[in-house]
Amino acid sequence: MKQTKAYERLLRARTSLVLKHPFFASLALRLHLREDSDCHTAWTDGRVFCYNPDYINILSEEKLEGLTAHIVMHPACGHHLRREDREPVMWNRACDYAINWLLLDAGFDLPDGYLYLEEYREVNAEKIYLKLIEELDDEQDGEKDTTDDGEEGERDRQDDDEERSELQEQEGAVTEAAAAAGSDPGMAGEVRDLQHSGKDDISETDWDEALIQAAHNAREMGLLPAGLERLVENTVNPKICWETLLARFIERCARSDYTWMMPNRRYLHQDLYLPSLYNHELDHIVIAIDTSGSIDNRELNQFAAEISAVMAQYPARLYVIYCDADIQGVHILERSDLPITLEPKGGGGTDYRPVFHWVEQERISPACLIYLTDMECLQFPAAEPGYSVLWVTTGNNDQLPPFGEMLKLAL
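Each residue of the sequence shown is one higher than the one before, counting from -9 in the working numbering.
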């Protein structure tokens, strides 16, 4: 009975996350729930979400959602693949410090005993691990340097023995708790190494793709915290070439999606209102080029080549807009005009608003807008448009736009 109750509570926690935290809900669905009474709390290896039913059943609904999000963040950050030869318990401590600040910022209530230090905010697990090892070495060196000196030390030895005995009792209690917790020092769910078993293996790329898709969905709903935005930017983009990410963005805009506007009739007789599938075609795509002068010809040519390669797969009309502080030119292209050649006009200051204003004035409803820019501008539209936006950036400016996704062009 308790096993069924724990399983059902975990399912309800996932359902609750769908509306409150869609980013975490989307990733949680990738993990198969499996009971494991031998573990103290819960664990994941990027393939399963194993749990002790007794532990699950003592958590409040809020802490259960926090546990679910915590478990999900480990494979989302690749912790199940990055341990190498590091000590497992210390690696788990480092991983917990690396993700818990994100979860707290997102509003989660984590299980009692969770690990958090402000100094580890936005620090990766590898660096935190080194810091923890250094602190451990310093403590051990301090113990070795402690000596008794002369008669005074002799007189104090008895007192020291008593204190040591007391300390050993305390340490024994801590050791017992650690043994019970296994490799989960933070009591919020541990990460274990993915054991490769063949055809069913979940690769690092699979989780990267899931992370991108989950972030995109949450962003579209306006429910992606800033910390997670940076996580996606910093952990995914360096691993996957920008050409692939550009192609995936356009593919997502063309992919069929679900809508609540037309409930699925198949389930209405059961009083279940589930979304229906609808097709979102790529009728129009807007390509905006920042012509303020900081984007060189090599970057322009590479960007044009990649856009052409992707667009060759879709029967879409392409609007190429050249803009600095104002619209300097517009070219309308069909698939038969590919490959495109970008010939920028202008060279003044930068303002992003004219492009979005032009799209609105022309009453165009693009599937997406892709803006090639160096991000050296703060003039954004006051309101987010009703279509997907991708900012393809050059240079070293790490400024985040107020809406849309950002992709760094690296040649």
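Yeah, the Cβ is synthetic: ideal placement off N, Cα and C, and Gly gets one too.
What would DSSP say about residue i, mapped onto helix, strand or coil?
i    : result
V16  : Rather than Val, the amino acid found at residue 16 in this sequence is Ser. Three-state result, S16: helix.
Q203 : helix
I354 : coil
K335 : coil
L71  : coil
E395 : strand
F370 : coil
S6   : helix
F98  : coil
I330 : coil
L23  : strand
I402 : Only positions -9 to 401 of the chain appear in the structure, and residue 402 is not among them; the question remains open.
I360 : strand
Let me check one thing: in DSSP terms, what residues is residue i bridge-paired to?
i    : result
D280 : C313
G319 : Y312
C410 : Residue 410 lies beyond the range of the chain shown here (-9 to 401); nothing can be said about it.
H274 : R307
E116 : Per DSSP, none; premise fails for E116.
Can you tell me whether residue i is buried or exposed? The criterion is at least 16 other CB atoms within 10 Å of its CB, across all chains shown.
i     : result
I48   : exposed
L9    : exposed
R2    : exposed
Q0    : Per the sequence shown, residue 0 should be read as Leu rather than Gln. It is buried - the Cβ of L0 has at least 16 other Cβ atoms within 10 Å.
S16   : buried
A169  : Reliability of the predicted coordinates at A169 is poor, the pLDDT of 44 falling under 50, and the value obtained from them is presented with this limitation in mind. With fewer than 16 Cβ atoms within 10 Å of its Cβ, A169 is classed as exposed.
L120  : exposed
I275  : buried
D127  : exposed
I322  : exposed
T(-6) : exposed
Sort the options by Cα distance to residue i and report the nearest one.
i    : options                   : result
S6   : L359, E51 and P43         : E51
A216 : E124, T363 and E112       : E112
A400 : A295, D341, D316 and E233 : E233
H64  : F239, A88 and K117        : A88
A315 : W348, D44 and A200        : W348
C67  : E199, E109 and R242       : E199
A237 : S284, Q185, Y361 and M301 : M301
T384 : L362, L93 and G36         : L362
E55  : R73, H70 and H11          : H11
Kindly give me the distance between the Cβ atoms of residue i and residue j, rounded to whole angstroms, as I take these residues to be in contact under 8 Å.
i    : j    : result
L359 : V379 : 5 Å
S282 : G339 : 6 Å
I279 : P334 : 6 Å
Of all Cβ atoms in chain D, is any one closer than 9 Å to the Cβ of residue i?
i    : result
P175 : Of the protein chains in this structure there is only one, and it is not chain D.
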